[in-house]
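Have a look at the structure below, then the notes.
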Amino acid sequence: MANLNEGDLGRELGKAITAIAAPEELELYDEIVEATSKPRTERKDNPLGFGVAEGLTSAVAAIAYAAGAELIRIFWEAIKPSLATLAQDTANEMRSHFSQKIKNWIASGFKEPPPARMNEKQREKFVEKWLLEATNNGLSDTDIDKLHAALRTVTEHEDV
Amino acid sequence: MKTFENNADVFPSATTARFFALVTSFLVAMFVYGTWFFIDLLGNPNPTQLPWLGLISITGASALAGTIYLCHPTFKARAFGQADEITSGSLYERIRDLCTLSQIELPRIFVDKDIRNADAIVFGWGKRKTILLGRNFRLMHVKKREEFDARILHELAHIKYGDATIAIISWAMLATTITLFAVIFTLRVARLFSDITGNWAMSWASPGSSWLAIAGAYSEFFFLNMLNFLVIFLPHCLFWLSVLTLEFKALLRVREQYADHFSRELGGSAPIYKTIAGQIKLGQSDARAEMFSNHPSRDARLRFILRPHLVGLPGKYQFFALAFIGGAISTASYDLLSIVSGGTIDQALSSLDINNISRVDPLLAPYVLAALAGLTLIVAPLIISIIFSLSRFCGDLIFRHRKFFPISKRAMLASAWLAIGYWAGHAFYPSNLSTRISDLSIIFELRFSGVAFSSLFLNIFTWFLTISSALILPWLSKIRGATSSPRTIWWVLASFGLWMLYSGAFTVQQYIVNSIFTREQVNNQQVVSAGIWVLAGLGVVLLCGMIHKPERSQTFSKATVVHEPV
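As they're listed, the protein sequences go chains A and B.
Quick note: the first sequence uses this note's numbering, first residue 59, plus one each step.
Quick note: the second sequence uses this note's numbering, first residue 30, plus one each step.
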């Protein structure tokens, strides 16, 4: 049941990351996220246009959304073993509680401790993966630096 | 550092020749195929009426093209789907500032709903211009201001230079041609089926016919007519649509280069360079991309941003396309001449019967003389544009970089390429193509027809002559001590030279075939006049080579090579 919220939570987390890394994109965040879920259409070479153009690759928000979704998935994976041994009702209650914990964590601006534990290696791997993705998608150096800082803020916490 | 003058007059041929070529092809196609339309509609009109029917066709087609142009804002506004007009906000204000910088009136601004769309188009007639932006421009506006400005300036250039008018009129002409072909197609199919059903009814009534005989007769009737339709009509459609499309795209591409240049002049070279360099999908430079795309390849655009004086210099495939168009149009003029001199359409369109057409001596018939003069005026600028390209090719790539090309191999290759393109335009002209196919089919049937062999041989010989002349041209231009002359005169002379050479050689070939193999009576005066055309053409070509001075022209000296901006 609680997994139904996974997408929404990922979206919310992505928005929070965007707010840190690229606040100027917040206004367009929802549109960018919607666009990422749609299949790409072949662009026409319009007469008197600029040429075939694909612009979404330059948005921090698209990377932030995907990174946020993956982080939420990692959190759920982390608590999965403990839920397996519980009765159905109790497990559902735990899931609901865990979702709320994630929401609170996001709402606090990542000041509260993260809802699940990530070790140093996992953290480095996660950040590295999304920075590479950002580079491959043509983000500017400034944007990559800001995204890097935002991902560190989200994943690093003393009380993990 | 910026000494380049952003003035369209500096490179008159780059746009004017292309637009003129397109208009000419449109008028020729409307004249010839408009008469087809009337023949389909009216049956067989009197041959003397054909020129008038052609003129009526041109008038009607021009009216239709004008109507399409007037209506275009309605459907262009939906090019990106649903869009909203914006009249305020930071994006609107930035575009307004860029309009002020560009000294143009602020157009209406629409933004679509697709955040992935980073393209923009301009359209509109008169002063009511519109710029339609992809929604990604909103993102670009906050993330990449320089790229935003570069793209918007590119679009504003299309408004400032009148491209929105020229390009859409050209597109309307293309759409009109497609419409005419579609109408003729419908009429012909309707007539074919009407004939079949009508004859079927008559045969049904005739006594003594077996089912098998009726079925056999009708299947043969149907397939022969259908074959005739496919072999004659469709190649004509495809050929002319290809020619018009080639011309339309060539026109668009050169306007895109001017727009990039405008963006560079006002926004700096780095933003537009980086923007284009980042367009991963624009990197193709194959034949299709070079000849049929609306924008030059990424490499070509970047090259032009760095070296603006190269505007109009076509790539190797575009070079071939220009020559192809020249060859096609010059061949089409034979059809036109046949029509205005009283031949029927079928005769005019069949080069096999070209000598059976009752020609009128051009010098005696004023209207034929006028048509001939008109056609020469049509063909000459086309070839001028080709020679212009050849001149640039020789002038820029060889004489500016002499140390890399001590022997003008590249010029000779370019000339041969030009001649081959011109030949292809002639050979693939539908009526000539059917003749060549007919020759080949006779040979393949092992009938060893002397006419077929000689026709093919003489065709090859004619084009060997033309290609040889083209090869001589750049060689002669290197003669030491050659005197200088205005390039325009050189273009005109060289064009007429090639044209005369081609016309004369073609005519001589026809008469030789007829006199040797069909034993028809040959008019010696015509042979002599054709021979004079050949000699005169050769003479003019040689003269052009003698007087052309291979040095940097005024146009080149106005440009300054800009160093790598990024």
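Here a beta-carbon is modelled for each residue, glycine too, at the ideal position from N, C-alpha and C.
(message) Tell me the DSSP secondary structure of A145 (chain A) in three-state form.
(response) Taking the first residue of the first sequence as position 1, residue 145 (chain A) is located at position 87. Three-state result, A145 (chain A): coil.
(request) Name, going along the chain, the residues of the region 59-90 of chain A whose beta-carbon falls closer than 9 Å to a beta-carbon of chain B. (result) A80, E82, E83, E85, L86, E89 and I90
(message) Excluding the 5 residues flanking T213 (chain A) on each side, which residues of the same chain have their C-beta closer than 7 Å to its C-beta?
(response) The residue labelled residue 213 (chain A) in the question sits at position 155 within the first sequence. Excluding positions up to five away in sequence, the list reads M176, R181, F184 and V185.
(request) Under 8 Å between beta-carbons, which chain B residues line up against E103 (chain A)? List them in chain order, please. (result) Within the first sequence, numbered from 1, the residue matching residue 103 (chain A) stands at position 45. Inspection of the sequence shows that residue 103 (chain A) is occupied by Asp rather than by Glu. Going along chain B in sequence order, the residues near D103 (chain A) (Cβ under 8 Å) are S322, N323 and H324.
(request) Assign F139 (chain B) to one of two classes, buried (16 or more other C-beta atoms within 10 Å of its C-beta) or exposed (fewer than that). (result) Here residue 139 (chain B) refers to the residue found at position 110 when the second sequence is read from its first residue. Label assigned to F139 (chain B): buried.
(request) Below 8 Å on the Cβ atoms is my guess for L273 (chain B) versus R47 (chain B); work out the distance and round it to an integer in Å. (result) In the second sequence, residue 273 (chain B) corresponds to position 244, counting from 1. In the second sequence, residue 47 (chain B) corresponds to position 18, counting from 1. Going by Cβ atoms, the distance from L273 (chain B) to R47 (chain B) rounds to 12 Å, so no, they are not a contact pair.
(request) Consider the Cβ of A165 (chain A): report whether some Cβ of chain B lies at a distance smaller than 8 Å. (result) Position 107 of the first sequence holds residue 165 (chain A). Taking Cβ atoms only, chain B never reaches closer than 8 Å to A165 (chain A), which makes this a no.
(request) State the beta-bridge partners of A149 (chain B) as determined by DSSP. (result) Residue numbering aside, residue 149 (chain B) sits at position 120 when the second sequence is read from its first letter. Listed as beta-bridge partners of A149 (chain B) by DSSP are B:L162.
(request) Identify the continuous alpha helix (DSSP H) that holds R336 (chain B) and give its terminal residues. (result) Here the question's residue 336 (chain B) lines up with position 307 in the second sequence. It is not in any alpha helix (DSSP H) - R336 (chain B) carries neither H nor E in the DSSP assignment.
(request) With 8 Å as the threshold, decide whether the Cβ of V171 (chain B) is near any Cβ in chain A. (result) Within the second sequence, residue 171 (chain B) is the residue found at index 142, counting from 1. With 8 Å as the cut-off, V171 (chain B) counts as an interface residue toward chain A.
(message) Just to check my reading of the structure: G454 (chain B) and A352 (chain B) have Cβ atoms closer than 8 Å, yes? What is that Cβ distance to the nearest angstrom?
(response) Numbered from its first residue, the second sequence carries residue 454 (chain B) at position 425. Numbered from its first residue, the second sequence carries residue 352 (chain B) at position 323. At roughly 7 Å, the Cβ-Cβ gap stays under 8 Å, so G454 (chain B) and A352 (chain B) are in contact.
(request) Quick one: give me the first and last residue of the alpha helix (DSSP H) that D88 (chain A) is part of. (result) Position 30 of the first sequence, counted from the start, is the residue given in the question as residue 88 (chain A). It spans Y87 to S95 - the alpha helix (DSSP H) in which D88 (chain A) sits, taken as one unbroken run.
(request) Taking only the alpha-carbon atoms, compute the straight-line gap between L311 (chain B) and G109 (chain A) and give it to the nearest angstrom. (result) By one-based count along the second sequence, residue 311 (chain B) stands at place 282. By one-based count along the first sequence, residue 109 (chain A) stands at place 51. For L311 (chain B), the predicted structure reports a pLDDT of 49, less than 50, and the residue's modelled location is therefore unreliable. The matter cannot be settled from this model.
(message) Helix, strand or coil for R137 (chain B)? Go by DSSP, reduced to three states.
(response) Counting from 1 along the second sequence, the entry for residue 137 (chain B) is found at position 108. R137 (chain B): strand per DSSP, three-state reduction.
(message) If you reduce the DSSP assignment to three classes, tell me which class I164 (chain A) lands in.
(response) Numbered from its first residue, the first sequence carries residue 164 (chain A) at position 106. Residue state, collapsed to three classes: helix.
(request) Tell me, please, whether the CB atom of L216 (chain B) is closer than 8 Å to any CB atom in chain A? (result) Taking the first residue of the second sequence as 1, we reach residue 216 (chain B) at position 187. For L216 (chain B), the answer is no, since every Cβ of chain A falls outside 8 Å of its Cβ.
(request) Determine the chain A residues that contact D148 (chain B) at a beta-carbon separation under 7 Å, and present them in chain order. (result) Along the second sequence, one-based indexing puts residue 148 (chain B) at 119. Within 7 Å Cβ-Cβ: R101, N104, G107, F108 and A111.
(message) Within 8 Å, do at least three Cβ pairs link the region 128-135 of chain A to the region 176-188 of chain B?
(response) Counting Cβ pairs under 8 Å, fewer than three are found: no touch.
(message) Quick check: what's the CA-CA separation for F109 (chain B) versus A93 (chain A)?
(response) Taking the second sequence and counting its residues from 1, the one referred to as residue 109 (chain B) is at position 80. Taking the first sequence and counting its residues from 1, the one referred to as residue 93 (chain A) is at position 35. Between F109 (chain B) and A93 (chain A), the C-alpha separation is close to 15 Å.
(message) Do A196 (chain B) and L106 (chain A) count as a contact pair if the criterion is CB distance below 8 Å?
(response) Working through the first sequence from its first residue, we reach residue 106 (chain A) at position 48. Working through the second sequence from its first residue, we reach residue 196 (chain B) at position 167. The answer is yes: Cβ separation under 8 Å.
(request) For A117 (chain A), go through chain B and note every residue whose CB falls closer than 9 Å to its CB, in chain order. (result) In the first sequence, the residue the question calls residue 117 (chain A) occupies position 59. The answer, in chain order, is I144, N165, L168 and K172.
(request) Tell me, please, whether the CB atom of A208 (chain A) is closer than 8 Å to any CB atom in chain B? (result) As a working note, residue 208 (chain A) is residue 150 in the first sequence. No, no contact with chain B.
(request) Please name the residue in B:N146, B:K142 and B:L84 whose C-alpha comes closest to that of R98 (chain A). (result) Within the first sequence, numbered from 1, the residue matching residue 98 (chain A) stands at position 40. Of B:N146, B:K142 and B:L84, the residue nearest in Cα terms is B:N146.
(request) Using a Cβ-Cβ cut-off of less than 9 Å, give me the residues of the region 180-197 of chain B that come near chain A, in sequence order. (result) R180, H183, E184, H187, D192, A193, A196 and I197
(request) Just mark R330 (chain B) as buried or exposed, buried being the case when its beta carbon has 16 or more other beta carbons within 10 Å. (result) Here residue 330 (chain B) refers to the residue found at position 301 of the second sequence. R330 (chain B) should be labelled buried.
(message) For the alpha helix (DSSP H) containing D199 (chain A), name the first residue and the last one.
(response) On the first sequence, residue 199 (chain A) is found 141 positions in, with the first residue counted as 1. It spans D199 to T213 - the alpha helix (DSSP H) in which D199 (chain A) sits, taken as one unbroken run.
(request) Over the uninterrupted beta strand (DSSP E) stretch that includes I144 (chain B), give me the two end residues. (result) Within the second sequence, numbered from 1, the residue matching residue 144 (chain B) stands at position 115. From DSSP, I144 (chain B) is part of no beta strand (DSSP E); its letter is neither H nor E.
(request) Work out the CA separation of G65 (chain A) and A50 (chain B) for me, nearest whole Å. (result) For the purposes of this step, residue 50 (chain B) is taken as the residue at position 21 of the second sequence. For the purposes of this step, residue 65 (chain A) is taken as the residue at position 7 of the first sequence. Rounded to whole angstroms, A50 (chain B) to G65 (chain A) spans 58 Å at the Cα level.
(request) Pull out every residue of the region 102-127 of chain B whose Cβ sits closer than 7 Å to any Cβ of chain A, in chain order. (result) A108
(request) Run down chain B in chain order and give the residues with a C-beta less than 8 Å from the C-beta of A93 (chain A). (result) Within the first sequence, the letter at position 35 stands for residue 93 (chain A). Within 8 Å Cβ-Cβ: D143, I144 and R145.
(message) Quick check on DSSP: helix, strand or coil for D103 (chain A)?
(response) Taking the first sequence and counting its residues from 1, the one referred to as residue 103 (chain A) is at position 45. Coil at D103 (chain A), not helix or strand.
(message) Output needed for W163 (chain A): all residues of its chain with C-beta closer than 8 Å, excluding positions within five of it in sequence on either side, in chain order.
(response) The residue given as residue 163 (chain A) occupies position 105 in the first sequence. The answer, listed in chain order, is E170, P171, P172 and P173.
(request) Could you confirm whether any beta carbon from chain A is found closer than 8 Å to the beta carbon of L281 (chain B)? (result) The residue you call residue 281 (chain B) lines up with position 252 of the second sequence. The beta carbon of L281 (chain B) sits closer than 8 Å to some beta carbon of chain A.
(request) Return the residues of the region 189-200 of chain A that lie within a Cβ-Cβ distance of less than 9 Å from chain B, sorted by chain order. (result) G196 and S198
(request) Within the region 45-124 of chain B, note down every full beta strand (DSSP E) run reaching 3 residues or more, in order along the chain. (result) 112-115
(request) Compute the beta-carbon to beta-carbon distance between L209 (chain B) and Y62 (chain B), rounded to the nearest angstrom, for a pair I have assumed lies under 8 Å. (result) Here the question's residue 209 (chain B) lines up with position 180 in the second sequence. Here the question's residue 62 (chain B) lines up with position 33 in the second sequence. The pair is a contact, with the Cβ atoms about 6 Å apart (cut-off 8 Å).
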